[in-house]
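Visitor:
Shown next as structure tokens:
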């Protein structure tokens with residue numbers, strides 16, 4: 336999915352705005368120089384269980400944003416989302432969901 340290999344910027348980023356948008360502070364990813372906030376949402380569910388999850392990470396000071404997709408069964412990056420063209424139809428559904436969330440949050444692609 337090409338949206339995972341792009342760079343994004345969170346426009347008008349602030350701590351209050353991130354928290355109101357559903358982001359949470361990540362103590363594990365943050366350092367003394369960087370304050371990282373994360374937002375997780377399901378991309379695919381089986382019954383009531385999340386199978387694939389999208390994780391958006393944003394750095395508070397710069398607004399630099401990354402998008403990743405994780406396989407919840409092994410808690411690792413989901414490789415087919417990055418380089419497998421056999422799942423194009425399914426990935427279009429994921430792509431629409433991610434793009435909708437990015438637009439809703441006012442996160443823009445860096446040209």
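Residue numbers (our numbering): 336 to 446. For each residue, glycine too, the CB sits at the ideal point set by N, CA and C.
1) Can you have a look at residue 428 and say buried or exposed, based on whether 16 or more other CB atoms are within 10 angstroms of its CB?
2) On the CB-based measure, 16 or more other CB atoms within 10 Å of its CB, does residue 402 come out buried or exposed?
3) Would you decide whether residue 345 is buried or exposed? Buried here means 16 or more other CB atoms lie within 10 Å of its CB.
4) One question on the structure: do residue 381 and residue 444 come within less than 8 Å of each other, judged by their Cβ atoms?
5) Using the DSSP secondary-structure output, state which residues sit across from residue 432 in a beta bridge.
6) Could you spell out the range, first to last residue, of the alpha helix (DSSP H) harbouring residue 351?
7) In whole angstroms, give me the CA-to-CA distance for residue 424 and residue 439.
8) Would a C-beta distance cut-off of 8 Å place residue 374 and residue 357 closer than the cut-off?
9) Please go through the same chain and pick out, in chain order, the residues whose beta-carbon is closer than 6 Å to the beta-carbon of residue 441, but skip the five residues on each side of it.
10) Within the region 372-408, note down every full beta strand (DSSP E) run reaching 3 residues or more, in order along the chain.
11) Could you spell out the range, first to last residue, of the beta strand (DSSP E) harbouring residue 345?
Guide: On the basis of the data shown:
1) Around the Cβ of residue 428, a 10 Å sphere holds fewer than 16 other Cβ atoms; the residue is exposed.
2) Burial check for residue 402: the Cβ neighbour count within 10 Å reaches 16 or more, so the residue is buried.
3) By the beta-carbon neighbour count (other beta carbons within 10 angstroms, threshold 16), residue 345 is buried.
4) In this structure, residue 381 keeps its C-beta atom at 8 Å or more from the C-beta atom of residue 444.
5) Its beta-bridge partners do not exist; DSSP assigns none.
6) Its alpha helix (DSSP H) spans residues 350-355.
7) A straight line joining the alpha-carbon of residue 424 with that of residue 439 spans about 23 Å.
8) Against a cut-off of 8 Å, the Cβ pair of residue 357 and residue 374 comes out as a contact.
9) Cβ within range, chain order: 346.
10) The beta strand (DSSP E) runs lying completely inside the region 372-408 and spanning 3 residues or more are 384-394, 399-406, given in chain order.
11) It spans 343-345 - the beta strand (DSSP E) in which residue 345 sits, taken as one unbroken run.
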